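Going down the list, the protein sequences come from chains A and B.
The first sequence begins at 1 in UniProt numbering and counts up one residue at a time.
The second sequence begins at 1 in UniProt numbering and counts up one residue at a time.
Backbone N, C-alpha and C define an ideal beta-carbon position, used for all residues, glycine too.
Keep in mind the model is a prediction, meaning the values are calculated, not measured.
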Amino acid sequence: MNGSNSQTFAQSNALLRDKRHKTFKIIVIGDSSVGKTCLTFRFCGGHFPERTEATIGVDFRERKLKIDQEEIMLQLWDTAGQERFRRSMVQHYYRNVNAVVFVYDVTRMSTFQSLPSWIEECNQHNLNYNIPRILLGNKCDCKGEIAVPTNVAQRFADHHGMPLFETSAKDDSDCDHVEAIFLTLAHKLKAAKSMTLISPSQFPPDHIHRAVVESVGRERNGMEVNDSESCYC
Amino acid sequence: MVDVVCVCQFVSLDYHLVCGYGGCVRVSLSLCITVWCVDIALESLHLVLLTFTLSTGAINDLATHPGHYEQAVAAGLKRGGPANEEIERDLHRSLPEHPAFQSDTGISALRRVLCAYAWRNPAIGYCQAMNIVASVLLVYCNEEEAFWLLAALSERLLPDYYNTRVIGALVDQGVLEDLILDHMPGLHTRLSELGVISLVSLSWFLTLFLSVMPFEAAVHVVDCFFYDGARVVFMVALAILAANQEKLEQCNDEGEAMMVLSEYLGAVTTPESRYGRRKSSVVVDEGQEEEVNVIGLLETAYRDFGFITNLAVERLRVKHRLRVVQTLEDTMMRNTLRTVGPDCLLGQADLKVEYCDSLTGLATIHNRDYRVYEQRFLPTMSQEQFINMWRTVYSFFAFETNQDIFTSLSRVGTLLLQIGEVGRKVKASRGSPSEGASHSANSSSSDGNSHNDNLGSESQAAALVPDQDVPLATDASLTTKPERTSNLKNPSNTSNTSSNFTSKPQDIPDKEPDRHTPLHSPSQDPHQCQEGGCEKCRPPTQPYPSQEWCISFEQFLANVANEENLVHFFEQQVKVAEEVQKLRTRNTISQSASGSSASSPS
Numbered sequence: 001m002n003g004s005n006s007q008t009f010a011q012s013n014a015l016l017r018d019k020r021h022k023t024f025k026i027i028v029i030g031d032s033s034v035g036k037t038c039l040t041f042r043f044c045g046g047h048f049p050e051r052t053e054a055t056i057g058v059d060f061r062e063r064k065l066k067i068d069q070e071e072i073m074l075q076l077w078d079t080a081g082q083e084r085f086r087r088s089m090v091q092h093y094y095r096n097v098n099a100v101v102f103v104y105d106v107t108r109m110s111t112f113q114s115l116p117s118w119i120e121e122c123n124q125h126n127l128n129y130n131i132p133r134i135l136l137g138n139k140c141d142c143k144g145e146i147a148v149p150t151n152v153a154q155r156f157a158d159h160h161g162m163p164l165f166e167t168s169a170k171d172d173s174d175c176d177h178v179e180a181i182f183l184t185l186a187h188k189l190k191a192a193k194s195m196t197l198i199s200p201s202q203f204p205p206d207h208i209h210r211a212v213v214e215s216v217g218r219e220r221n222g223m224e225v226n227d228s229e230s231c232y233c
Numbered sequence: 001m002v003d004v005v006c007v008c009q010f011v012s013l014d015y016h017l018v019c020g021y022g023g024c025v026r027v028s029l030s031l032c033i034t035v036w037c038v039d040i041a042l043e044s045l046h047l048v049l050l051t052f053t054l055s056t057g058a059i060n061d062l063a064t065h066p067g068h069y070e071q072a073v074a075a076g077l078k079r080g081g082p083a084n085e086e087i088e089r090d091l092h093r094s095l096p097e098h099p100a101f102q103s104d105t106g107i108s109a110l111r112r113v114l115c116a117y118a119w120r121n122p123a124i125g126y127c128q129a130m131n132i133v134a135s136v137l138l139v140y141c142n143e144e145e146a147f148w149l150l151a152a153l154s155e156r157l158l159p160d161y162y163n164t165r166v167i168g169a170l171v172d173q174g175v176l177e178d179l180i181l182d183h184m185p186g187l188h189t190r191l192s193e194l195g196v197i198s199l200v201s202l203s204w205f206l207t208l209f210l211s212v213m214p215f216e217a218a219v220h221v222v223d224c225f226f227y228d229g230a231r232v233v234f235m236v237a238l239a240i241l242a243a244n245q246e247k248l249e250q251c252n253d254e255g256e257a258m259m260v261l262s263e264y265l266g267a268v269t270t271p272e273s274r275y276g277r278r279k280s281s282v283v284v285d286e287g288q289e290e291e292v293n294v295i296g297l298l299e300t301a302y303r304d305f306g307f308i309t310n311l312a313v314e315r316l317r318v319k320h321r322l323r324v325v326q327t328l329e330d331t332m333m334r335n336t337l338r339t340v341g342p343d344c345l346l347g348q349a350d351l352k353v354e355y356c357d358s359l360t361g362l363a364t365i366h367n368r369d370y371r372v373y374e375q376r377f378l379p380t381m382s383q384e385q386f387i388n389m390w391r392t393v394y395s396f397f398a399f400e401t402n403q404d405i406f407t408s409l410s411r412v413g414t415l416l417l418q419i420g421e422v423g424r425k426v427k428a429s430r431g432s433p434s435e436g437a438s439h440s441a442n443s444s445s446s447d448g449n450s451h452n453d454n455l456g457s458e459s460q461a462a463a464l465v466p467d468q469d470v471p472l473a474t475d476a477s478l479t480t481k482p483e484r485t486s487n488l489k490n491p492s493n494t495s496n497t498s499s500n501f502t503s504k505p506q507d508i509p510d511k512e513p514d515r516h517t518p519l520h521s522p523s524q525d526p527h528q529c530q531e532g533g534c535e536k537c538r539p540p541t542q543p544y545p546s547q548e549w550c551i552s553f554e555q556f557l558a559n560v561a562n563e564e565n566l567v568h569f570f571e572q573q574v575k576v577a578e579e580v581q582k583l584r585t586r587n588t589i590s591q592s593a594s595g596s597s598a599s600s601p602s
């Protein structure tokens, strides 16, 4: 499946690839079977894949978009979620990443609970805070089984300075559209990129604000739990 | 499919009979490792079972463990737990295009095999990629055989591939990079610029190409792998890269390179393919791609890279293994600090956590074969590191009420300090063999204690034997040392230590122990100690002890293992996962709690 999925896109895109396109690399991370493959597939392939194989290592999909009369390429890197891969492998995937998408499964609390460690993981790779990050709750079509209440997720997202989207790769008729989410991200990326082109030291103000909030939060947290003099900021 | 299974079972029966002579048959078969023979073998029939019986030894396991599989299935299914949950989620994500895994028959067979294996080998449990391998095996053999093959794969053929940190696959990644560098230097430069190898090779190795090629083609590779060992994977990998060399060299980013490779791999086929290429759920532009015959690929692999031997692979593995483990340890240290840092009970003990972590980590992750090897090559620990680590060890026992543990701890600590000192003296005496030894004896005789002579002769003796024996020599003296120590000038040493720590186990602050305990005093005020003349019971009292003082992991392990209380403590079944989960839950809650408060302006 890995092979054939990307292969298809390779056929449609690789040959047509225009070297002048701005390319943005987006890494999609989250626990195993939260639907990372389906989400990326939904966006790049246009529909929900009926049968997917567990992702081993990393998979890759891309899609060309036209934003403000300019064509850009979004590369979605779909990673393996199992913990043993995370600890050993994911470091390779963070090279030149332009945005991070955290995914959890709204029907499984545990996938939400492991988000802090994914965020930690991400922080470790010295990604700047100005790199857009978004939080995606997937499978919200399973209405009866929702285990992660929106307000809890929203609070978490606020705390980490990320926008939250709840969606479903399968049926996004009455939640946030997968398409719209990634397009938003693409807009943000493009805007950020052109800003950095003008002046590399300029970051969008909201990002600076976010960075401050985040570090304050961590410090606070450290104080609360630890009540020692050490601070890990 | 039926006929394949029948023939395979016939073959398996046949070779079941000759399994005793496996060696001989293997030898004669190994003559066939030539391009044409592989070709013939592959054209005729998948030899999965044949080679499985011979090379993997799986059939021996099968024959010698009747009923083991049934037992494993029963226990595995009943057990539950995270591994089973993971398996359950992946059942429908294993070879989903194959009709066998679209009905309950195949799914439950796969469930049984994976759960049984997770039960058999809790060190591995379940690793994604095993589901894909197992599902393909199930297409070609029965459940029990698939089970034993999976066991042979994960325990012998792909050492450490599926363990909790997929170390084996990482090691082989390094091996592959080396091989590319040696045989395709031009491509290597490009590939490492792109960082592609680490991206693609994991799935190649972990699933033996089953997840990247159409499985009917990939089983040919698996056949050869069972038949001819690990070198096949590397040969095929190199052949794939060589075939795409030109395209890869023109790639501008890693995405493009990934596409080139997956495009190529997706088009690998086999003449007798029944299911065609793996149907992807995307629109497939059929026929646009040039198909690659897997037999041709294997021929190229054998022709162009057949000179790669298993021995060479093994050598490279050894080389990379150390690097991989080291890197992982480093990452883990950083992780531990960052993740655990803010909400860690140990608080300030950051550096020490790291060290302990790496030690315990190393002790647990390595399988038997590598264990001895790695211990020997682990870097030794300096005195400062040791002292830091030992402090942390004490904080492990923060809530411990058993006094004996602290007695044991202080005993081990003292012994290790002494061992380090002895080692230092040995090294000193080696600089000027006869003089050094006598000097150490002389200097220590200022105590006027018979014990000193003991040590002096010890170091002399140790100086004569090679490195590895040093721990043994000192070890021998260990059993008697504690008593001696207490007979010496500082009889309160051990009791001091334990009482210090037991009296305030909860708050072991940074500085306090330093003042009281002999363990820490050396680094703090070595001069004072020296004047005190208590060299023997406070061995590391030289002005610059940390330069030479060192202990090895073996010494550490031996000493800890010598203390029954400690062994018991560490072997106690603690549900780590639960504890961690508790901590995490608390973390999440407190984070979301503080999240609301943090959003208010600071």
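Which residues bound the beta strand (DSSP E) around residue i?
i              : result
D59 (chain A)  : 58-67
I27 (chain A)  : 22-30
F566 (chain B) : At residue 566 (chain B) the sequence reads Leu, which differs from the Phe that was named. Unbroken run through L566 (chain B) is the alpha helix (DSSP H), 564-571; no beta strand (DSSP E).
I134 (chain A) : 133-138
E166 (chain A) : 164-166
Could you check where the alpha helix (DSSP H) with residue i kicks off and where it finishes?
i              : result
G81 (chain A)  : Note, G81 (chain A): premise wrong, no alpha helix (DSSP H); not H, not E.
D160 (chain B) : Unbroken run through D160 (chain B): none, as it is neither H nor E.
D105 (chain A) : First-last for D105 (chain A): 99-105, but that is the beta strand (DSSP E), not the alpha helix (DSSP H).
N226 (chain B) : For the record, residue 226 (chain B) in the displayed sequence is Phe; it is not Asn. Residues 215-228.
F307 (chain B) : No alpha helix (DSSP H) contains F307 (chain B), which DSSP labels as neither H nor E.
R155 (chain A) : 150-159
G266 (chain B) : 254-266
W148 (chain B) : 143-152
R42 (chain A)  : 36-45
S115 (chain B) : It should be noted that the sequence gives Cys, not Ser, for residue 115 (chain B). Counting along the chain, the alpha helix (DSSP H) containing C115 (chain B) begins and ends at 104-120.
Q128 (chain B) : That residue, Q128 (chain B), is in no alpha helix (DSSP H); it is neither H nor E in DSSP.
G76 (chain B)  : 68-79
If you draw a straight line from the alpha carbon of residue i to that of residue j, how long is it in whole angstroms?
i                     : j              : result
residue 655 (chain B) : F205 (chain B) : Because chain B spans 1 through 602 in this model, residue 655 (chain B) falls outside it and cannot be assessed.
V219 (chain B)        : R321 (chain B) : 28 Å
L311 (chain B)        : V171 (chain B) : 15 Å
D158 (chain A)        : A191 (chain A) : 22 Å
L583 (chain B)        : Q403 (chain B) : 27 Å
T407 (chain B)        : R165 (chain B) : 36 Å
T207 (chain B)        : G161 (chain A) : 38 Å
D426 (chain B)        : A558 (chain B) : Just to set this straight, residue 426 (chain B) is Val in the shown sequence, not Asp. Going by the C-alpha atoms only, they are around 19 Å apart.
G255 (chain B)        : F60 (chain A)  : 7 Å
G45 (chain A)         : K78 (chain B)  : 40 Å
N130 (chain A)        : N84 (chain B)  : 39 Å
F308 (chain B)        : A109 (chain B) : Note on residue identity: the sequence assigns Ile, not Phe, to residue 308 (chain B). Near 37 Å, if we compare the C-alpha coordinates of A109 (chain B) and I308 (chain B).
F225 (chain B)        : A63 (chain B)  : 23 Å
residue 322 (chain A) : L65 (chain A)  : An answer regarding residue 322 (chain A) cannot be provided, because it is not within the stretch 1 to 233 covered by chain A.
Between residue i and residue j, which are expected to be in contact by the criterion C-beta below 8 Å, what is the C-beta distance as a whole number of angstroms?
i              : j              : result
A54 (chain A)  : D182 (chain B) : Not really, about 33 Å apart at Cβ, beyond 8 Å.
L238 (chain B) : L179 (chain B) : 6 Å
I56 (chain A)  : S203 (chain B) : 4 Å
T23 (chain A)  : Q75 (chain A)  : 6 Å
G413 (chain B) : W390 (chain B) : 5 Å
R112 (chain B) : V136 (chain B) : About 16 Å; that fails the 8 Å criterion.
F386 (chain B) : L416 (chain B) : 7 Å
I26 (chain A)  : A99 (chain A)  : 5 Å
Using beta carbons (cut-off 9 Å, strictly below), is residue i in contact with chain D?
i              : result
N388 (chain B) : Given the protein chain composition of this structure (A and B), no chain D is represented.
Practice prompt. Closer than 8 Å, Cβ to Cβ, to anything on chain A: give me those residues from the region 120-141 of chain B, in chain order.
Written response: Of all residues in the region 120-141 of chain B, the ones placed with a Cβ closer than 8 Å to any Cβ belonging to chain A are C127, Q128, A129, N131, I132, in chain order.
Worksheet item: For the region 117-136 of chain B against the region 183-194 of chain B, are there 3 or more C-beta pairs whose distance is under 8 Å?
Response: No, because fewer than three Cβ pairs between the region 117-136 of chain B and the region 183-194 of chain B fall closer than 8 Å, the two stretches do not touch.
Discussion item. With a threshold of 8 Å, are at least 3 pairs of Cβ atoms found where one atom belongs to the region 97-108 of chain A and the other to the region 58-72 of chain A?
Written reply: The region 97-108 of chain A is not in contact with the region 58-72 of chain A.
Discussion item. Counting only Cβ-Cβ distances shorter than 7 Å, please list the residues of the region 193-208 of chain B near chain A, keeping chain order.
Written reply: Residues passing the 7 Å Cβ filter: G195, S198, L199, L202, S203, L206, T207.
Item to complete: Tell me, please, whether the region 293-303 of chain B touches the region 214-233 of chain B by the rule of three or more beta-carbon pairs shorter than 8 Å.
Response: Because the criterion of three Cβ pairs below 8 Å is met, the region 293-303 of chain B and the region 214-233 of chain B touch.
Discussion item. Please list, in chain order, the residues of the region 50-83 of chain A that have any C-beta partner in chain B closer than 7 Å.
Written reply: Taking 7 Å as the Cβ-Cβ cut-off against chain B, the residues of the region 50-83 of chain A that qualify are E50, R51, T52, E53, A54, I56, G57, V58, F60, E62, Q75, A80, Q82.
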